[in-house]
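Those protein sequences? They're chains A, S and E, same order as listed.
Reading the first sequence from the start, the letters are residues 1 to 33 in UniProt numbering.
Reading the second sequence from the start, the letters are residues 1 to 403 in UniProt numbering.
Reading the third sequence from the start, the letters are residues 1 to 95 in UniProt numbering.
Ideal Cβ placement from N, Cα and C applies to all residues, glycine included.
Here the structure is a predicted model, which means the values were calculated and not measured.
The block underneath contains the structure these notes are about, expressed in structure tokens.
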Amino acid sequence: MAENEPQSTTTDEPVVEETLVEEVSIDGMCGVY
Amino acid sequence: MKLVEHFQYGLNSPICLTWELTYACNLTCAHCLSSSGRRDPRELTTDEAKRVVDELQAMQVFYVNIGGGEPTVRPDFWELLDYAIDHQVGVKFSTNGVKIDKARAAQLARTDYVDVQISLDGATPEVNDYVRGPGSYDMAIRALENLAEAGFTQPKISVVMTRQNVDQLDEFKAIADKYGAQLRITRLRPSGRGADVWDELHPTAAQQRQMYEWLLERGDQVLTGDSFFHLSAYGEALPGLNLCGAGRVVCLIDPVGDVYACPFAIHQNFLAGNVRDPGGFARVWRESELFQRLRQPQTGGACRSCQHFDSCQGGCMAAKFFTGLPLDGPDPECVQGYGEQALAARDGVVIPRSDVDHSRSAPRNGRTGKAPVLLQIGRRPDKACESSPIAGFDPRQVPVAGG
Amino acid sequence: MSTASPDFRPERPHRCSPSVALRPEPFGALVYDFVTRKLSFLKTPELVTVVSGLADHPDVHSAVEAAGVPEEQRPAYLRALAGLKASGTIEERPQ
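Listed below in structure tokens is the structure:
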């Protein structure tokens with residue numbers, strides 16, 4: 001199911017690491033059946 | 001920038017979208033968001049539908065959620081399903097199970113890139129059939145049995161959460177586990193016939209909290225269609241984008257080709273265009289005035305000063321609209337209670353009603369002082385419905401093109 | 001997601017998985033896996049270039065270099081690519 005990357009809560013990792021790939025479920029946006 | 005921030009400004013193509021193939025349906029669910037029942041004679045033809053698929057392929061729309069009404073009552077449903085899959089458009093279709101017999105279940109199990117979602121609104125026949133009609137629980141379970149027996153991998157069970165079934169969350173999960181399905185719970189909106197039963201059926205504030213707590217525990221195992229993002233204002237965000245995707249990353253194509261911001265907003269005010277217009281769906285998505293407006297930064301209006309606005313984004317546009325609340329104010333189910341206040345302050349407001357109504361007993365029961373539709377479900381559907389879902393409907397009738 | 005995977009061998013030739021669709025966007029790219037139904041977002045143009053160019057390079061390292069990724073960012077890119085390998089978005093090319 002939806003596996004979002006950590007939402008900017010970790011501050012120790014270099015910025016570039018947590019901003020390269022983000023994952024979300026195809027069911028994870030409102031407005032579809 | 002986070003993904004959700006990019007999405008708020010809209011994309012060149014939807015990521016996925018809902019496509020209601022027909023307004024015909026063998027059931028008459030009390031809360032139907034599309035007020036379905038009778039087929040519209042202006043329905044897209046098979047060829048027109050295939051042209052829509054071609055457009056979606058060209059736009060690289062990844063996925064369509066096919067629904068209705070009951071999509072499988074269209075005789076060309078299986079042909080369109082294959083056509084979409086053969087043209088790089090994944091399909092999930094939402095069904096009450098009427099046509100999912102053993103043969104179809106086996107066929108589906110052999111088919112790649114198709115997902116099946118069975119609608120179920122009660123973990124027991126009593127609770128389910130109260131809104132969906134006599135026999136509907138059995139029909140859904142039978143479909144799940146057939147899919148499991150055929151080896152179909154992980155169908156979805158989609159539940160609309162109501163005052164009457166919130167306590168059945170664990171039972172729903174058990175049913176899903178039993179049939180190898182994944183549970184999906186979604187929010188009841190006051191859309192379509194949902195407006196007529198919303199007062200009676202929408203969860204109480206305490207029940208909203210109950211659902212939120214349950215989702216915090218189970219969120220990684222169940223789907224929600226991101227429909228509970230208004231609950232994020234309780235504190236911890238639920239899995240999902242917590243974003244209204246309407247007109248930004250998703251939309252609705254209805255059976256006559258009308259394009260709306262989302263399936264919960266079938267109303268003139270949220271109509272962006274029609275796929276039959278010059279330029280087709282692509283032009284509607286990219287250039288319609290409505291969608292361009294939705295892709296502007298939303299300021300939040302009256303909600304702006306609330307510290308929770310960042311989590312809830314002011315809630316659901318459709319929920320506000322169909323309860324007569326202003327779009328730049330709180331959601332009727334605002335977990336901070338501002339929605340209740342706003343509802344109480346509605347003074348002489350005319351509740352909007354959609355004129356798109358295909359209910360069998362049209363006009364549908366509204367706030368006319370008559371008993372809610374729920375209490376009138378006692379008549380068993382025509383037995384012939386199980387093989388010919390629309391009694392009296394001739395499936396060989398070809399709608400007039402360009403209607 | 002950014003932990004190194006023992007299955008990831010960046011010295012081998014790779015490619016995008018056949019079951020994956022990559023759709024460029026102004027801000028990067030959307031990647032949809034038809035099998036897992038997972039949607040991913042590649043957030044830098046360089047990463048998009050790397051992923052879509054994998055099939056044209058003898059190994060992942062040269063794809064990363066060819067995309068112009070600054071040296072100090074390459075470990076982060078390799079970790080992101082390891083994650084994409086683990087999720088099935090990219091795979092080793094059959095020889």
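CB-CB under 7 Å to residue i, same chain, minus the five flanking residues each way: which ones, in chain order?
i        : result
Lys99/S  : Thr72
Asp40/S  : Tyr23, Pro255, Val256 and His358
Ile175/S : Ala123 and Ile157
Leu30/E  : Arg23, Leu39 and Phe41
Val282/S : Sequence inspection shows Ala at residue 282/S; the Val mentioned does not correspond to that position. If we look at Ala282/S and ignore the five residues flanking it on each side, its Cβ neighbours are Glu55 and Met59.
Gly339/S : Pro330, Asp331, Pro332 and Glu333
DSSP three-state call for residue i: helix, strand or coil?
i        : result
Thr11/A  : With a pLDDT of 42 at Thr11/A, under the threshold of 50, the modelled position of this residue cannot be trusted; read the value that follows with caution. Correct three-state label for Thr11/A: coil.
Gln219/S : As written in the sequence, residue 219/S is Gly, which differs from the Gln given in the question. Of the three classes helix, strand and coil, the one that applies to Gly219/S here is coil, per DSSP.
Val53/S  : helix
Leu144/S : helix
Thr46/S  : helix
Tyr113/S : coil
Arg184/S : strand
Gly324/S : coil
Arg189/S : coil
Ser24/E  : In the sequence as presented, Ser is not what sits at residue 24/E; that position holds Pro. Here Pro24/E sits in strand by DSSP.
Gly339/S : helix
Lys178/S : helix
Asp300/S : Per the sequence shown, the amino acid found at residue 300/S is Gly instead of Asp. Three-state DSSP puts Gly300/S in coil, outside helix and strand.
Gly10/S  : coil
Gln307/S : coil
Lys156/S : strand
Ser25/A  : strand
Ser227/S : coil
Ser232/S : helix
Cys312/S : helix
Met1/S   : coil
Phe8/E   : coil
Pro381/S : Bear in mind that a pLDDT of 42 at Pro381/S, under 50, signals an unreliable position, so the number given afterwards is only what the model happens to contain. If DSSP states are grouped into helix, strand and coil, Pro381/S belongs with coil.
Gln292/S : helix
Leu238/S : coil
Arg132/S : helix
Pro125/S : helix
For residue i, which residues of its own chain have a beta-carbon under 6 Å away from its beta-carbon, when the five flanking residues on both sides are left out?
i             : result
Ser227/S      : Thr186 and Arg187
Phe172/S      : Ala123, Val159 and Leu183
residue 430/S : Here chain S covers residues 1 to 403 and nothing more, so residue 430/S does not appear.
Tyr77/E       : Val64 and Val69
His267/S      : Ser354
Leu215/S      : Leu238
Val32/A       : none
Asp129/S      : Ser136 and Tyr137
Ala21/E       : Tyr32
Glu91/E       : Ser17
Gly10/S       : Arg248 and Arg295
Ala49/S       : Leu80
His61/E       : Pro10
Phe77/S       : Pro71
In terms of DSSP beta bridges, what is residue i paired with?
i        : result
Gln207/S : Per DSSP, none; premise fails for Gln207/S.
Glu92/E  : His14/E
Thr18/S  : Asn65/S and Leu252/S
Tyr260/S : Leu252/S and Leu271/S
Cys30/A  : Cys244/S
Gly37/S  : Ala24/S
Ile118/S : Thr95/S and Ile157/S
Leaving out five residues before and five after residue i in sequence, what residues of the same chain have Cβ atoms less than 8 Å from its Cβ?
i        : result
Tyr271/S : In the sequence as presented, Tyr is not what sits at residue 271/S; that position holds Leu. Closer than 8 Å at Cβ, skipping near neighbours: Asp258, Val259, Tyr260 and Leu290.
Pro18/E  : none
Met211/S : Met161, Val166, Leu169, Ile185, Pro203, Phe228 and Leu231
Cys251/S : Pro14, Leu17, Thr18, Val259, Tyr260, Ala261, Cys262, Ala272, Trp285 and Phe291
Asn146/S : Ile100, Asp101, Lys102, Arg104 and Ala105
Phe27/E  : Lys43
For this session: Would you be able to state if there are at least three C-beta pairs under 8 Å between the region 28 to 38 of chain S and the region 20 to 29 of chain A?
Result: The region 20 to 29 of chain A, when compared against the region 28 to 38 of chain S, does not touch it at the 8 Å Cβ threshold.
Problem set entry | Ranges of the alpha helix (DSSP H) found wholly within the region 71 to 107 of chain S, counting only runs of at least 4 | 77 to 86
Exercise. Three or more C-beta pairs closer than 8 Å, one from the region 306 to 315 of chain S and one from the region 229 to 241 of chain S: is that the case here?
Worked result: These segments touch.
For this session: Please specify which runs of the beta strand (DSSP E), each continuous and at least 3 residues long, are wholly inside the region 26 to 82 of chain E, giving them in chain order.
Result: Considered as a whole, the region 26 to 82 of chain E harbours 28 to 33 and 38 to 42 as its complete beta strand (DSSP E) runs of no fewer than 3 residues, in chain order.
For this session: Indicate whether the contact test is met: 3 or more Cβ pairs, each with one atom in the region 276 to 286 of chain S and one in the region 194 to 207 of chain S, closer than 8 Å.
Result: no
Exercise. Does the region 45 to 63 of chain S come close enough to the region 219 to 226 of chain S that 3 or more CB-CB pairs lie under 8 Å?
Worked result: no
Exercise. Contact between the region 85 to 92 of chain S and the region 107 to 122 of chain S: three or more CB pairs below 8 Å?
Worked result: yes
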